[in-house]
Amino acid sequence: GAGVSQSPSNKVTEKGKDVELRCDPISGHTALYWYRQSLGQGLEFLIYFQGNSAPDKSGLPSDRFSAERTGGSVSTLTIQRTQQEDSAVYLCASSLGVTGGGSYEQYFGPGTRLTVT
Amino acid sequence: AQSVAQPEDQVNVAEGNPLTVKCTYSVSGNPYLFWYVQYPNRGLQFLLKYITGDNLVKGSYGFEAEFNKSQTSFHLKKPSALVSDSALYFCAVGQAGTALIFGKGTTLSVSS
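Chains as they are written, first to last, in the working numbering: chain X, 3 to 119; chain Y, 73 to 184.
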C-alpha cells in the first residue's frame with residue numbers, strides 16, 4: 003500500500019496479558035517511530051529506528067515495553083503484563099530519514115486502539 | 073532537552089475570520105518545526121514544516137506558519153477559517169538526528 007499500515011486497528015486485552023502491535027512503514031522509508039496518544043496527553047514519543055543504527059528507546063515508559071524492527075521494515079511493539087494505564091492509541095510513523103531536512107516529515111498510520119480491561 | 077508548548081487547549085473562531093494556533097518551542101540548536109492536523113477518527117496529516125530559509129512557510133489547505141527565532145514561536149495561521157478546518161492541531165519540534173517532540177495539541181473549532 004501507499005501509506006503506513008498498522009494492525010490490529012483495535013485490541014482489547016485483559017490486565018496482565020501481553021500484546022503485540024504491528025506497523026508496516028512506507029516502502030523505502032528508513033526511519034520508523036512509535037508514539038502513544040492518550041486522551042488529553044498529546045503524542046508521547048516511545049521509540050524510533052533509523053536504518054541499522056541502535057534504536058532510540060528513550061521514550062519507553064517501562065521495561066514492559068519493547069520494540070523490534072525486522073529487516074529494516076516491519077516493526078512490532080510489544081507490551082508485556084499490560085496495565086490499565088497502557089490503554090491508549092498507539093501510532094506508528096515512518097519517514098525517509100531522521101537527518102536531513104527535506105525528507106524529514108513523518109507519515110502516520112491510523113493507529114491501534116488498545117484497551118486494557 | 074527540546075520541548076514544545078501549545079498554550080491553548082481550544083481555539084474558537086467564526087467561519088471567515090482569521091485563525092491563529094499558537095506554538096512555542098525550546099531547543100538548544102537550530103529547530104525543525106512542524107504542524108500536523110488530526111481529523112476525528114483519522115490519523116495525523118502533515119501540514120507544513122520549517123527547516124531553514126524563509127521564515128514564512130506555506131502548507132496544505134491554505135495554512136501558513138511563521139518562524140520567529142527571537143520569540144521561539146511557530147504559530148499556525150489561516151486568513152479565513154472554514155468549518156472543515158475544525159480538528160486537532162499538533163505542533164512538533166525536532167533536530168537533526170532526533171525524533172520529533174509533539175505538543176499536547178490544540179482543538180480548533182470553527183463555527184458557521
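A virtual CB, placed ideally from N, CA and C, is assigned to each residue, including glycine.
query	result
C-alpha gap between Y161(Y) and T178(Y), whole angstroms	5 Å
Cβ-based neighbour list, V21(X), same chain, cut-off 8 Å, excluding 5 preceding and 5 following	K13, T15, T80, I81, T84, L116
Interface residues of chain Y facing D65(X) [CB-CB closer than 7 Å]	What D65(X) touches in chain Y: nothing, since even the nearest Cβ is about 20 Å away.
Cutoff 8 Å: G131(Y) Cβ touching any chain X Cβ	no
Residue span of the beta strand (DSSP E) that contains R114(Y), given as start and end	R114(Y) -> no beta strand (DSSP E), and no H or E assigned at all.
Cutoff 6 Å; reference K149(Y); Cβ partners in own chain excluding five residues on either side	T92, E136
Three-state class that DSSP yields for G134(Y) in the structure shown	helix
Span of the beta strand (DSSP E), counted from its first residue to its last, around Q8(X)	7-9
Nearest-angstrom Cα separation, counted from I173(Y) out to L62(X)	14 Å
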